[in-house]
Each structure stands twice: as structure tokens, then as C-alpha cells.
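To start, the structure itself, in C-alpha cells.
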Amino acid sequence: MSVSCDLLVIGAGPAGLAAASTAAKRGVDVTLMDEQVAPGGQIHRAMESRAFKAESVSRADDERGVALVAEFRASGSRYQPGTQAWQMQADGKVYVTDGARARVITARRVIIAAGAIERAVPIPGWTLPGVMTVGAAQIRLKTITYKPPAETWLAGSGPLLWLYAAQVIEAGGRIAGILDTTPGSNRMRALRHIGGALGHVAYLKRGLTLQRCVRAAGVLVVNHVEALEARGEGCVQSVRYCVKGDWREAPAALLLLHQGVIPHTHATRALGAEHHWNVLQRCFVPNLDSWGNTSIESYAAAGDCTGIVGAEASLLQGHIAALEAARALGKLTPAQRDELAAPHFAHLWRHLAARRFLDALFAPRASLLNPADDVVVCRCESVTAKQIRDAVVLGAMGPNQVKAFTRCGMGPCQGRLCGLAAAEILAAARGKSMQETGVFKVRAPLKPLSLSELAALEE
Amino acid sequence: MSETAECVVIGGGVVGSAIAYGLAKRGEKPLVLDGGDSSIRSSRVNFGLVWLHSKGDGMAAYGFWTRRACDLWQQFADELTDETGVNTQYVKSGGVNYCLSEAEYNKRSETMQRMRGQAAEDPYEARMVDRGELRQLMPRAKLGGDVTGASYGPHDGTCSPLYLLRALHAGMTKRGAQYRADSPVTAIKPVDGRFEVVTAGGVISTPKVVLAAGHGSMPLEKALGFDVEIIAERGQIVVTERVAPMGILPANGVRQSTEGTVLIGTTTESVGFDLSTTPQAGAAMVKRALSVFPALAGVRIVRTWAGVRTLTRDKCPVYEQSGQYPGAFIATCHSGVTLAAVHANDLAEAIHNGKFTPMIDAFHGRRLK
Amino acid sequence: MSNVTVNVEGKAISVPAGESAAGAALAAGLTHTRVSPVTGEPRAPYCMMGVCFECLMVIDGVPSRQACMVPVREGMRIERQTAVEVWK
Numbered sequence: 000m001s002v003s004c005d006l007l008v009i010g011a012g013p014a015g016l017a018a019a020s021t022a023a024k025r026g027v028d029v030t031l032m033d034e035q036v037a038p039g040g041q042i043h044r045a046m047e048s049r050a051f052k053a054e055s056v057s058r059a060d061d062e063r064g065v066a067l068v069a070e071f072r073a074s075g076s077r078y079q080p081g082t083q084a085w086q087m088q089a090d091g092k093v094y095v096t097d098g099a100r101a102r103v104i105t106a107r108r109v110i111i112a113a114g115a116i117e118r119a120v121p122i123p124g125w126t127l128p129g130v131m132t133v134g135a136a137q138i139r140l141k142t143i144t145y146k147p148p149a150e151t152w153l154a155g156s157g158p159l160l161w162l163y164a165a166q167v168i169e170a171g172g173r174i175a176g177i178l179d180t181t182p183g184s185n186r187m188r189a190l191r192h193i194g195g196a197l198g199h200v201a202y203l204k205r206g207l208t209l210q211r212c213v214r215a216a217g218v219l220v221v222n223h224v225e226a227l228e229a230r231g232e233g234c235v236q237s238v239r240y241c242v243k244g245d246w247r248e249a250p251a252a253l254l255l256l257h258q259g260v261i262p263h264t265h266a267t268r269a270l271g272a273e274h275h276w277n278v279l280q281r282c283f284v285p286n287l288d289s290w291g292n293t294s295i296e297s298y299a300a301a302g303d304c305t306g307i308v309g310a311e312a313s314l315l316q317g318h319i320a321a322l323e324a325a326r327a328l329g330k331l332t333p334a335q336r337d338e339l340a341a342p343h344f345a346h347l348w349r350h351l352a353a354r355r356f357l358d359a360l361f362a363p364r365a366s367l368l369n370p371a372d373d374v375v376v377c378r379c380e381s382v383t384a385k386q387i388r389d390a391v392v393l394g395a396m397g398p399n400q401v402k403a404f405t406r407c408g409m410g411p412c413q414g415r416l417c418g419l420a421a422a423e424i425l426a427a428a429r430g431k432s433m434q435e436t437g438v439f440k441v442r443a444p445l446k447p448l449s450l451s452e453l454a455a456l457e458e
Numbered sequence: 000m001s002e003t004a005e006c007v008v009i010g011g012g013v014v015g016s017a018i019a020y021g022l023a024k025r026g027e028k029p030l031v032l033d034g035g036d037s038s039i040r041s042s043r044v045n046f047g048l049v050w051l052h053s054k055g056d057g058m059a060a061y062g063f064w065t066r067r068a069c070d071l072w073q074q075f076a077d078e079l080t081d082e083t084g085v086n087t088q089y090v091k092s093g094g095v096n097y098c099l100s101e102a103e104y105n106k107r108s109e110t111m112q113r114m115r116g117q118a119a120e121d122p123y124e125a126r127m128v129d130r131g132e133l134r135q136l137m138p139r140a141k142l143g144g145d146v147t148g149a150s151y152g153p154h155d156g157t158c159s160p161l162y163l164l165r166a167l168h169a170g171m172t173k174r175g176a177q178y179r180a181d182s183p184v185t186a187i188k189p190v191d192g193r194f195e196v197v198t199a200g201g202v203i204s205t206p207k208v209v210l211a212a213g214h215g216s217m218p219l220e221k222a223l224g225f226d227v228e229i230i231a232e233r234g235q236i237v238v239t240e241r242v243a244p245m246g247i248l249p250a251n252g253v254r255q256s257t258e259g260t261v262l263i264g265t266t267t268e269s270v271g272f273d274l275s276t277t278p279q280a281g282a283a284m285v286k287r288a289l290s291v292f293p294a295l296a297g298v299r300i301v302r303t304w305a306g307v308r309t310l311t312r313d314k315c316p317v318y319e320q321s322g323q324y325p326g327a328f329i330a331t332c333h334s335g336v337t338l339a340a341v342h343a344n345d346l347a348e349a350i351h352n353g354k355f356t357p358m359i360d361a362f363h364g365r366r367l368k
Numbered sequence: 000m001s002n003v004t005v006n007v008e009g010k011a012i013s014v015p016a017g018e019s020a021a022g023a024a025l026a027a028g029l030t031h032t033r034v035s036p037v038t039g040e041p042r043a044p045y046c047m048m049g050v051c052f053e054c055l056m057v058i059d060g061v062p063s064r065q066a067c068m069v070p071v072r073e074g075m076r077i078e079r080q081t082a083v084e085v086w087k
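Below is the structure:
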């Protein structure tokens, strides 16, 4: 039942794959577990079996993904796909399940590479069937070359909106239009960080290429969208949007929302590691040293779950965390580690400097973060923004009291989706900062586990 | 310039809030000082039983006090709903304690007999039911093969502890109490017949102070002349996804909430204030629940909780007015949900009058010396 | 890519082998895949990456599976989730 390893890597995206390969190369006994059934994470999802191969827009990504997965496969790491961690303890015991049976892995070191999730920004009607995230549609494109119906609208802000639109067009599909909520004022703010972006012009060039490609295909692009609403009986039938106070409505068969990505911090928070508020990225991130070590002994984190850094920088962070793990496990001296890590650090700084420009350019529109009273915030428990605000009136001083009063975040998703959205509403209602407000405490199990699976652990 | 208040209640959990609500109903304007969002809160980690038939083994008064609470609960719940619109979901369904072997059944039977014999009157009116009768009580449930029977208490029931707390907060505020979060008390100084309550936000002067802060009472009580030992004991609870109504009676190890979630509890662990949940402890209590209802096997756990019970040495409540500093009160107990109905009524009345009835005085801490 | 045949709400449908159970349900034309146990509203997959838990379905008789995380297999039975019944 019980397995031991030197290093347990959680997550098979760029950071996790790079970490496993690098550590294995240094003689570390590595187990990599991932909840997906194949390596690659979201960006390189189904890399080995992908039906849809981009010819131009994401070829560089794909080539990097293929190499990364192949290197991992050859690394000698143990690979446990379809496996979810549901409890992590400071003593290195990680409880996992494959959906049928729970067991424990005892690791001397752990690297959490849980990746990113899309920022949930609740709008009226977003619980209607037919409203999904852009990421969801892109996963279907990658896995089965799914082309959305003609009346598909993309709404929100961020590079993924444009990447996905370009990919659909390249795959021979169409979309009705893009409703861009990016505030015009973001450009001025982003210019402050243009220096960093110029150090890595590939990001800028790529963004411009994608936008050009989408516009050239005749996709309607509506800028400065201030508010959104999904409407329909039983499923989405139309999208309403507001530009300069003027509401318009268009028929919609599929509405894909996107407001950028945020770190998936469920694992590091459940572990009890310290976190802080990242102002520019508007999200909580774990407190880390430069090697990726968390505040909990023997646990490190790498990649987008530590703050959004992108696929290339995630890979570098994976290498760096793995070298530190090899050092901690006695496979490298500190001097060897430093020497091997130096080139990775040099590349990483360049990526991080460029990232600040993107963060500022695609910062979410503030008014969308504070939705109207009747908007459902917690989808699992159907808790509205008003219920959260009412809890504040009753004296709820933080997210955990709001949860107790309203059941917000008590459903199966455990506040993964609504956590940040609820905290934003709470902070606004109390006139407090997000750092002061904080976010829900995360409780085991990280993923629902059946009672019989837990009971079977007793022996 | 320091702030003044006619009464300060320290602790905004289910004990402090019930007392403050009762005082506010009696025309006082208590100021309730509460801790922060991450303070240790037994009120949030709670099984939600309004429970009589296992309380008071070794202390007859506790049985009668709890019975009084159970008798008052329906009226108390209705009153809260009327005043605040919050339904505490109280149901006096009767409750059971399952026995999983002949030996357990016999032991349980002896315990019930002993408790019944503690006083001339029987506050419990509980009885043992065998497997056959248990099946009649819960005709839809499929009992596990090991279930031999149960003790059955007709006065037992359940509520939603979270809605209870919300209702008390709404009710006391509506009645004129003031609730102040993020205001942990660092010291209390008796000065000339009054009390100076020290918080980060300033000092509050009051003639009456009620210490009801659970474990938070311990560092403050000496200054008021109290000497009550409050012991921490960890309890873990497993909560499942919502399932269709099962038609089962609540028990101290397993119950279904009005929302449909199944609650499984609970451990008793002496680990201080460590609030982590442990898979092994969870596994043991879940295993027992599955012995009672094997059909729950595939139901998914949504979260596990750990809370710290606030226990005295004999696990019964302590209520006192300070002999040294009249006007200072302490209330500490484990079953704050069940006792909320008497805390908001009898105990609040006693604190309001500054005079304890014999029933309440029975819970003076001197019995533990 | 090869195809597999799954059974969605009693109807056979052929889907690509890389599809998830949630994707198969959408491909079969199901507008909603579960009913909210709180409000009774219809709900459908939202994130397709294991975060939102909106795609909980009954797969091969087992309720509350995250359908977006379950790859299709030949003959898989995929059903809408209404209430989770303990007594069957």
C-alpha cells in the first residue's frame, strides 16, 4: 500500500516534467504523479496523441512540449497518471487516490507543480449550460479537434482569448466574435513595464501576430466591453454586453469566458504554507525562496502555481527546484547546484521581466470583480454576491466566517472556483485590502474521496 | 478617553452570542468582542446535535440542565426565525447511539440504567431499542449486519450550528447588542468596581463582563478571580457531498444535515491546538459509520474538519460569578449548541440579575477542586 | 485517431478515443449533465480541467465522477446526475 521515493513531483505540466527529468538525471529516485491521464499539463495536453497540430500559431509551444514529454519518458522517473493527491502532511506523507483506491506515498522531498486555473469572474447567467471557459474549449480542441458552433462568442481579457481564436481559425472553424473587456487604461499602466517586455520581444510579437490573424479572418472584435450577461432558458441563447453604457444583445450557442489565469494554490494552501497577495497579478501566491522552497520544510513549488510565469519560465523553475532537491538529497553540492542553475536563473529573469508587461496589459476590469447582488458567485452552493455582502453586514470579518454564514465554498469544488471572487467581493464590501482579507482555508481532501477509500486506509 | 459599555461579552461564538442575545432581549446593550477570522472556533466545527441522552453521566444536574435546553429549543428556534428570518433547521427527531455488538449493546444498556438512577426523576426518558425496533424507527435505512440495536433518546435532535450562530449574531444585533470582530482581548483589569477591557483598538470600561471565549478565556480568567481549567481536545468531522434524504435518525457518529450532506464524527484526541486532520483518525470513524450504513461506501467526502473542544475536567459546564469581583462572569462548556437555548434564557436571566439560581449554581467550578 | 462507442443517457455514440466522458456527453447533445442539488437548476461542464466540479456525472453506475477527468472507454455508460441515492 505504501510507496517511498526521494522526490515526489505533483503535476505533469512544463514545471513538473522538467523537474522530474532534471532530478532523475542527477540520480534522484523520482515519482511524478498527475491527475491527467497523459503527460503535458494543460498547455501540452495530450501532446503524444494530439489530433490537432497547429501549423503556425503555437508550433514553438508544441515542439517544446514534444521534447519535454519525450525527455521525461526517457528519464527513468516513475510516472503515475490519473492520480490525485488529497492530503499532504509536513512529514512528507502524501495521500493519493487513483479514483478507486487511496494510498500513501512517503517522500523525502516534494515539488508541487499544480499549474494554473482560469480566474473565475462571475457574470449574470454564467451557470447556464453553454457557458464555459475558453480554456475548456481549448482542451477539447487539443484533444479531439473540437470546432465550436458558429454562434460562439469569446468574452473577457487575456492572451488565451486570442490564441484560442487563432487556433480555431487555423483548424478551419469560426467564431462569432470577441467581446474584449480589457480596460483601455491598462495600456498606459503596461507601458511602465515595456522595458522588461522589450527584453523578450517574442511575447510582444506573438501577441500582435495572433491579433492580426484573428482580425484578418473577419472575426468581429468589440473593444472596451464594460459588462457581460449570459441569457437563456435552460441553456445560453444570447449574450448581452455593454459598451459605453449601451447594451447590445447577440444570439449565442456557446459563450466562452476568460479573465486570465491564476495560480492553482489549493495544494500549497492545504499544506499550510504561507501565501501573500501579488498585487500585479491579483492573486495569492505561496511565499518562496529563490529555489522555490515553501515555508513548509521539504516542500517546494514550481511553475504557474507559484505565480503566473508562462510555460517557458515554468520549465526553468522546474529545473531550478529539481537542482535544489538534488542538493537537499545529497546528490549535488551547493556549488554544483549553483553552477548548474545559473543559466536557468539568467533566462528566468528575462521571462519574469516581460511577464509584468502582460500582467499589467491584461489586468481584469475592476468593475467586473464586484458583480451585482443577484449574481451567483459560488456555483456549487448557489451563493450570490448579496449573500456574501449580507454576511459582512452581520459582522463577518473574513472569508472563513463568510463561508460559515453562507456555505460559499463548501461545495465539491471546495472554493477553487469561487474563492478569489468571493474574497474580492468581501474585500470591497469591507473596504479592506486583499492581503488583509485573505482567502478560504483549504481542507482535506483536496479531491473528493469516497468513504470506503478513506476507511480502507485504516489497516 | 476610553470607551464605556454597560456590558461586555468576550467571545462571539455560540456561547457568547447566546448570552449576549439573552442579555439584549432583557434590555441590556452588550458589546460583544470577538477574535479574528482564523481564531480557534469550536462554534464553526460542530456536529450540530441538540443532544440529551448521553449527557450528565456522573453529574445529574447536567442531565436536567440539558433536558431544560431540549424543552426550550423549539420555542427558541421559532423565536430566532421570527426575529431574524434565519431558520436554524432545528428538528426534534429523537436520536440514537448505535451498538455494533452484543457487548456494546449491554454496556450501553448499563450506562443508560446508571444515568437514569442518578436522581429520583429521569430527565432522559431514553430506552434501548433492539435491531428489529431500530428498523421500524428507520424503515428506509439498510442497517449493517453488525448493528445489534441502539439507545434511543426521544428529546434529541439536530440543528444547523452555522445557521444558529448566524441567527444569534443577527438577533443580538437587532436587539441592540454591538458585535465587534477582530477585537481579541489582551487583558482585563478590575478597577474600582468596574472592569477595563483591553483590546488592540483601545480600552473599554464596563461594570459587567462575561467571559465566554472558549479557550480564549483561560489567559484572562485569573485577573477576574476565576480558576477554571479548560482542556483542549481535538475532534475531527468528515462531511460528504449532498445525497438524497436518507430518513435516518441522528446519532453522535453519523447524521444527515438538512442540506443533504452526511456528517461523520468524531474523534477525541489530546493534541493541544493542532487543527490538522489525520487520515488514520478519519478512517477509523468512517469505518464505524460504514458498519452502521454500508450503503454509504461510495459517497464522496467533500471536506474534513478538525476542531478543539472546550472541556472542563468533568466535561460539564462551569458558570460562575466572581466572588472577588462581582459583575464578572464566566461561562464555559462543551455543548454550546444544545445549551444555547438555556444560555439565552436562564443563564442570561441570571447574569442580568447578577444572581444565580440553585440550578445554575450547581455548575460552579468549586466542584472540580 | 480511433473512435470508441459509449452510451450516453441510453444512446450509443461514437467519439474519438481522446475524448473525456464530459466531452462525450456534450457531443451526444446533452445540454445539461447534472442537476444542482441546491437549486434544481440544470448545470453543464464549465472548466473541463477538474476545477469546477460542474460535470459530476454517473459513470458506469458510479455517481459523482468528474466526467471531464475520465477518459472514454469502449462501452462506457455515461448518465446525467440528479440526486445521489444512498439506498438503491
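Protein chains in written order, with numbering that gives the first Met the number 0: chain Z, 0 to 458; chain U, 0 to 368; chain S, 0 to 87.
Where is the CB? At the ideal position from N, CA and C, for every residue including glycine.
In this text, all values refer to a predicted model and were calculated from it rather than measured experimentally.
The residue from C158(U), L210(U), Q235(U), A327(U) with its alpha-carbon nearest to that of V90(U) is C158(U). Pairwise C-beta distances place the region 119 to 132 of chain Z out of contact with the region 61 to 78 of chain Z, as fewer than three of them are shorter than 8 Å.
Listed along the chain, the chain Z residues whose CB falls inside 7 Å of the CB of S35(S) are S381. Proximity to P444(Z) across R302(U), T205(U), S321(U) peaks at R302(U), based on C-alpha coordinates.
In the DSSP assignment, Y178(U) falls within the unbroken beta strand (DSSP E) covering 177 to 179.
In the three-state reduction of the DSSP assignment, F52(S) falls in the coil class, being assigned neither a helical nor a strand state.
Short of 8 Å from the beta carbon of F272(U), and not among the five residues preceding or following it, lie these beta carbons of its own chain, in chain order: I39, H214, A231, V307. Pairing L7(Z) with M32(Z) gives a Cβ-Cβ distance under 8 Å.
In the displayed model, Y202(Z) falls within a helix according to three-state DSSP.
Using beta-carbon distances, S63(S) counts as an interface residue toward chain U, with a partner under 8 Å. In terms of CA proximity to C69(U), W50(U) leads the group D81(U), L219(U), W50(U). Just measuring C-alpha positions, the residue of A455(Z), L419(Z), R268(Z), E323(Z) sitting nearest A280(U) is A455(Z).
What E73(S) touches in chain Z, judged by beta-carbon distance under 7 Å, is nothing: the nearest beta carbon there is about 15 Å away. Per the Cβ contact rule, the region 219 to 233 of chain U is in contact with the region 308 to 318 of chain U (3 or more Cβ pairs under 8 Å).
Secondary structure at N352(U): helix, using DSSP grouped into helix, strand and coil.
Under the DSSP assignment, S204(U) falls outside any alpha helix (DSSP H), being part of the beta strand (DSSP E) whose first and last residues are 201 to 205. Proximity of I138(Z) to chain S, defined by a Cβ-Cβ separation below 8 Å, is satisfied. Membership of H275(Z) in the beta strand (DSSP E) is indicated by the continuous run 274 to 277.
Taking 8 Å as the cut-off, the beta carbon of L255(Z) is found closer than this to the beta carbon of V133(Z). Taking 8 Å as the CB threshold, A16(S) stays off the interface with chain U. Given a length threshold of 3 residues, each whole run of the beta strand (DSSP E) inside the region 119 to 179 of chain U is given here in chain order: 126 to 129, 148 to 152, 177 to 179.
Below the 8 Å Cβ cutoff, chain U contributes T276, R302, T303, W304 as neighbours of R442(Z), in chain order.
Taking C-beta atoms as the reference points, R25(Z) and A325(Z) count as a pair closer than 8 Å. The beta carbon of R42(S) falls within 8 Å of a beta carbon belonging to chain Z, placing the residue at that interface. Per the DSSP secondary-structure output, H257(Z) pairs in a beta bridge with G155(Z).
Within the region 27 to 50 of chain Z, the residues whose Cβ lies closer than 7 Å to any Cβ of chain S are, in chain order, E34, V36, Q41, A45, S48, A50.
Here DSSP, grouped into helix, strand and coil, assigns G94(U) to strand. Following the DSSP letters along the chain, one finds T405(Z) inside the alpha helix (DSSP H) bounded by residues 398 to 405. Contact annotation: C412(Z) and F52(S) have beta-carbon atoms nearer than 8 Å. By DSSP's assignment, Y94(Z) forms a beta bridge with Q86(Z), V103(Z). Counted as a single uninterrupted DSSP element, the beta strand (DSSP E) harbouring I177(Z) occupies residues 176 to 179.
Proximity of chain Z to D77(U) at the Cβ level (cut-off 8 Å) is not reached, the minimal Cβ distance being about 20 Å. Boundaries for Y45(S): no beta strand (DSSP E) harbours it, and the DSSP string shows neither H nor E there. In this structure, E258(U) is the residue among V285(U), V85(U), E258(U) with its C-alpha nearest to the C-alpha of E240(U). Taking a contact as a CB-CB distance under 8 Å, the pair G418(Z) and F439(Z) counts as one, their CB atoms being some 5 Å apart. The alpha-carbon of I138(Z) is positioned some 16 Å away from that of G129(Z).
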